[in-house]
Structure formats: C-alpha cells, structure tokens
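Chains A and B, in that order, give the protein sequences.
Just so we're aligned, residue 1 is where the first sequence starts under the working numbering, counting upward by one.
Just so we're aligned, residue 295 is where the second sequence starts under the working numbering, counting upward by one.
Virtual Cβ for every residue (Gly too), placed ideally from N, Cα, C.
From a predicted model like this one, the values you see are computed outputs, not experimental measurements.
Written below as structure tokens is the structure these notes are about.
Number of protein chains: 2
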Amino acid sequence: MGWEAFSEERVQLISQYIETRLDRFEQSISKQLHPMVEAMRYSIQGGGKRLRPMLLVTAAEYLGLPAERVLPAACAIEYIHTYSLIHDDLPALDDDDTRRGKPSNHKKFGEAVAILAGDALLTEAFSTMLDLKENEFSAEQVLNCVATLSCYSGVRGMVGGQFLDVTKGAELIDSLPELEFIHIHKTGALILASVLIPTCLVATDEETKINLRRYGKALGLAFQISDDILDSEANFRYSRGPRKKPKPNYTQLTAPGEIRDRLNGLIDDAISCIDEKKGQTLIDIAEFIRTRKS
Amino acid sequence: MGWEAFSEERVQLISQYIETRLDRFEQSISKQLHPMVEAMRYSIQGGGKRLRPMLLVTAAEYLGLPAERVLPAACAIEYIHTYSLIHDDLPALDDDDTRRGKPSNHKKFGEAVAILAGDALLTEAFSTMLDLKENEFSAEQVLNCVATLSCYSGVRGMVGGQFLDVTKGAELIDSLPELEFIHIHKTGALILASVLIPTCLVATDEETKINLRRYGKALGLAFQISDDILDSEANFRYSRGPRKKPKPNYTQLTAPGEIRDRLNGLIDDAISCIDEKKGQTLIDIAEFIRTRKS
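Listed below in structure tokens is the structure:
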C-alpha cells in the first residue's frame, strides 16, 4: 500500500494549511524577525510524510469531523514533530548533518538559530492549537487539546523518551521491554496524541475512545519498529546515512524474523480496533507502516 | 528599596508552589524519568528573584484576585523564564558556564540534557497554566492566558528577541531604537506578559488594562537597561563573570548619565500608571528595578 495512494488529497490540504498559516504569521510580525520564520519554514517544508497530522485528520473524519475543522490541531502536531527533529539533529544529540536529503537546520542556519527555531515552533504549536476556537469548538474542548498536546509532547511523552534515548545509550539497553519503554515515549506518544486529540473535539462513546487509544499506541510503537528496520538497512538508502551516534535499536536485540513478527502483531492489533466500514484510511495507514520503504 | 522588604512573603508562596508542583509531577511519572525532573528542578531552584511570577501575583492582587488563585500562571511564567536561561547559556548561544553562582545546566548535566530540560520546561509551562481551571476560572479565561503566554514567549516576543540578539551581534547594533527593539522582545515581552495574564482572569476596565500594559512595557525595558548597567560593572560582582560573548548593550551606545536618565524616565512612567492607593507593591517593584544591585 503506497502512501500516496490514499493520502494525497489530505496531505495536500494539510501542507497548504501549514504554508498559509506561516505566511500569515510572517506578515503579522516585524520584518526584522522574518529570518527567524525562514528557519522555521525550512524544516517545516522539509518534505516529510505529514504522518502525524494525517493521522489526526483521519481520526477526526473517523469520528465524523470534517478535516477542515481540525487543521489547526494538525498543524500544531506537525510543529511539535518538526521542532523535535531540529533539536534531535543537533551535535549534542544525534549530530545529524542531513535530514531528508537536505542539510539539517543547524547545518543551514547555525546551532544557535536551530535551537531557537525549535523553541519557536514548540511555542507556536500552542498558538496554532488555539486557532481551533475559530472553527466552532468550545473553549473547554480546545483546552483539552492543549492539555493532550502538552502532556504527550513533554516529559511524560516525547521529551521523556528523548531523554532516555540520549542518556541510556545503545550499549546500556539490554532488554526489549526497556527498549519499548523508550520507543513508546520517544515516538509513540506523539502518534498517540494525534489520534487522541480528535476525541477531545467531539462527543465520542467510551468504546470508540478506548479502541482509538489502543490503535494509536500500537501504531506508535509499530512506527518506531519500522524505523529501526529501515535504519538497520540505512547504508543502502539514499536519504539516510548511517547515524553518527548509534541509538538503542530493535535490530540489536532481536533476530530479523522476530522483529517482523512484533511489527505484524502490532499492526494487526491496531487494525482490529478500527471499524472497517468507516475507518478504511486508518487501516491503510497501519498497512503502510507495516510495509513502508521510507 | 530592597527586594526582600516587600517581596518575601509572596516569593515564598510562589517558590513553595513551584516546589510542590514539581514534587507532584515527579510522583506522577515513571521512576526512569526522575533524572529528567532533576535537571529541570536544578535550574528552577537556581535562586532567582522570581521577578516575573512576583509581578504576575502582584498585578493579580492589584486587580482584586487573591495570589493563591493565580499561582499556576505564576509557575508557568517562571518555567518559561527558566527554560530561556538554560538554552541561553548553551555554548552555541551565550556560552555561560555559570548561572547565579552555580554551574549552568549544561555544565552540570551535559548539553543534550540541558537542551531537553529546556524543552521540557517550555512544554510543561502550558500544562501548568491549565491548572488554573482548578481555581474556578472559566475555560475561556484560561485559553486567553495560554494565548498570551504563547504569544509573548515565542517569535513575536522572547524567542524573537533572542534570535536578534544572537544573529545581530553587538558590533552590528549602532542605534538605540534598534537596541531597544531587541530588548523589548528579549526581556520586555515576558515581563509584560506577567502583568497582562491577570487581566485575562478578571473583568478589568479598559483604562486599567491600558495602564497596566504601559506599566509592563516600561518596566520590561527598564529591567533590561538595569541589567546592562549591572553587566557593564560585572567584573566587580561575585555572581557574574564577564560574558564570553559580548551582547548588544546600552552602555556601548550611551554615556553613563544618559543611560541612567533613560532608566529613570521609564521607571517614572511605569509608576505613573499605577493607582498608589492599591498598587504600592507594583510601585515598590519599579523602584527596586531603578536601584537594584543584583
């Protein structure tokens, strides 16, 4: 299942919204600060798959919300993801010179600007989320989105995972549960948040909520496993060089067959949580992660 | 006018709240993530004056709100201030090895953890702000606080100022308006936000709002000027060494008498905006900034 086959229209909608919002933002601030927006834009336009906003929009549609209404939240989650990549690429962290075939943010703009561009995107994510108010959601609903974003992207989620990833080091992780604990935080949390945020925006029955949470959790871990598989094959890929600093990785701890089994089990579990009559795209996203090549 | 003379009780209330909240936060997360909280706590407990939360609480009292009700907002603003110091001290930015007489965060925990501790505090500031909901404010009011925090701490405010500070460099600033533009963003914005946030939490007449805004703007710039004066005297102070990377500074552009005049003018203007019958502490804070020695 190719990504473009089912995502094209939605991804275009998301990217266009992100672009337009950045334009508006730039126009609203002093000219002297435009170079700061340029550094933010550089990484936002880096050509990612928009997986997280795509998931958010698709989960919203699954719950009966039109994509257009949740675009501010989709944009917010992409800002958080992008800031995390900028900071992650810094010399003190992963020390990656390239990102998606381009120089990483600090290679292009210098370390100081890259740190600040990350801070700016992280901060602006919350302003972006508040734009939901213009789409006829209640203040209470928007507050719950802010709470979810902050919870899953901070120490209890993504930043906590980054912290363990950085401080534990590949050589200190010797069990799968330990590795999965890191993965669930570092990568899983933001993917889970992407499917949970729409549940804050519309009345959802408890069973659907529980199932979406299970889908998001399984998918988040599955995505990191598929990333580990791709990383272990990295020498053969044009867009990723081998990492300078090796990270805790599934492929160090398990045989290739086992890691595939774990991935398949998680994807099957995720799909089992979705009503296929109205959730085909959520299923397609899961199948894409099962077999992705980039 | 000494800081302790009028601030002691409020600063203690604020510091205790911050401490208790961090304890609760730590207890609510997995043991593996406690070292991350330690890095956050290290800088939060760094022994600052708590100027911004103190201003926030005092402005709230001026508007008739009890200090206890706004403590989550006071805590949020201190988190933002603290994260900005951690990132500012990094080698790629100011490259400061010490902060308030202690090793700076990256000297103590390493650069990677310092970057993440900053990200964590920035993210957690928004969770903290949401705790206002427990103090009987409406969702709408809390959303306005989130909007104010995000606006004044991002590109339109503090981060924008940091960006200019970093990219322009001391040698490129040759006029006072240019320098003040940076100061107003880098330092002024968060001080202004501290007095504006309480106006989101209680019905306030337009005149009082305008006056508080003017007070906050004047005070924010005055604070940075007083900082520049202290910096220029830095060799004689135990707690500050001379900076490794010189920053754009008032004392480069003006004679000592002129800079004092500018500071006095701003403080007088700030004080003129406050009703002295109920705003003595706001006036005391302004007088403290006029004459502060640390």
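- Chain B places a beta carbon closer than 8 angstroms to that of CYS151(A), counting this residue as a contact.
- Considering only ILE491(B), ARG450(B) and PHE300(B), the residue with the shortest C-alpha distance to LEU426(B) is ILE491(B).
- For the options ILE553(B), LYS462(B) and GLY404(B), the alpha carbon positioned closest to that of PHE163(A) is the one of GLY404(B).
- For PRO471(B), the secondary structure class from DSSP, reduced to helix, strand or coil, is helix.
- When Cβ-Cβ separations below 8 angstroms define contact, HIS183(A) makes no contact with chain B.
- For HIS87(A), the C-beta contacts it makes with chain B under 8 angstroms involve ILE409, LEU410 and ASP413, in order along the chain.
- At least one CB atom of chain B sits nearer than 8 angstroms to the CB of ILE29(A).
- For SER421(B), the nearest beta carbon of chain A is closer than 8 angstroms to its own beta carbon.
- Between ALA193(A) and LEU230(A), the CB-CB gap reaches or exceeds 8 angstroms.
- Interface criterion met: the Cβ of PRO35(A) is under 8 angstroms from a Cβ in chain B.
- Chain B places no beta carbon closer than 8 angstroms to that of GLY169(A), leaving this residue out of the contacts.
- In the DSSP assignment, LYS49(A) forms no beta bridge with any residue.
- For PHE403(B), the enclosing alpha helix (DSSP H) covers residues 399 to 403.
- Residue contact with chain B for THR82(A): absent (no Cβ-Cβ distance below 8 angstroms to any residue of chain B).
- Rounded to whole angstroms, the gap between the alpha carbons of LEU121(A) and VAL195(A) is 21 angstroms.
- THR204(A) sits in coil when the DSSP states are folded into three classes, being neither helix nor strand.
- Between the segment 342 to 351 of chain B and the segment 417 to 432 of chain B there are fewer than three inter-stretch CB-CB distances shorter than 8 angstroms, so the stretches are not counted as touching.
- Following the DSSP letters along the chain, one finds CYS445(B) inside the alpha helix (DSSP H) bounded by residues 433 to 447.
- Using a Cβ distance threshold of 8 angstroms, HIS183(A) and MET158(A) do not count as a contacting pair.
- With contacts defined by Cβ atoms closer than 8 angstroms, ALA419(B) and ALA370(B) form a contacting pair.
- Counting only Cβ-Cβ distances below 8 angstroms, THR417(B) has contacts in chain A at LEU122, SER150, SER153, GLY154, VAL155 and VAL159, in chain order.
- LYS277(A) sits in coil when the DSSP states are folded into three classes, being neither helix nor strand.
- Rounded to the nearest angstrom, the gap between the Cα atoms of ILE44(A) and THR123(A) is 14 angstroms.
- Within the segment 182 to 207 of chain A, no residue places its CB atom closer than 7 angstroms to a CB of chain B.
- Per DSSP, LYS168(A) is one residue of the alpha helix (DSSP H) stretching across 158 to 168.
- One thing to note: LYS396(B) has its Cβ within 8 angstroms of the Cβ of GLY340(B).
- In the structure shown, THR187(A) falls within a helical segment according to DSSP collapsed to helix, strand and coil.
- Under the 8 angstroms criterion on CB atoms, GLN32(A) is classed as interfacial with respect to chain B.
- Taking a Cβ-Cβ threshold of 7 angstroms, the residues of chain A close to GLN456(B) are LEU116, in chain order.
- GLY220(A) and THR254(A) do not touch by the CB rule: their CB atoms are close to 19 angstroms apart, not below 8 angstroms.
- Assigned with DSSP and collapsed to three states, LYS427(B) falls in helix.
- With 16 or more other CB atoms across the displayed protein chains lying within 10 angstroms of its CB, GLY573(B) is buried.
- Nearest C-alpha to GLN224(A) among PHE181(A), ILE283(A) and LEU212(A): PHE181(A).
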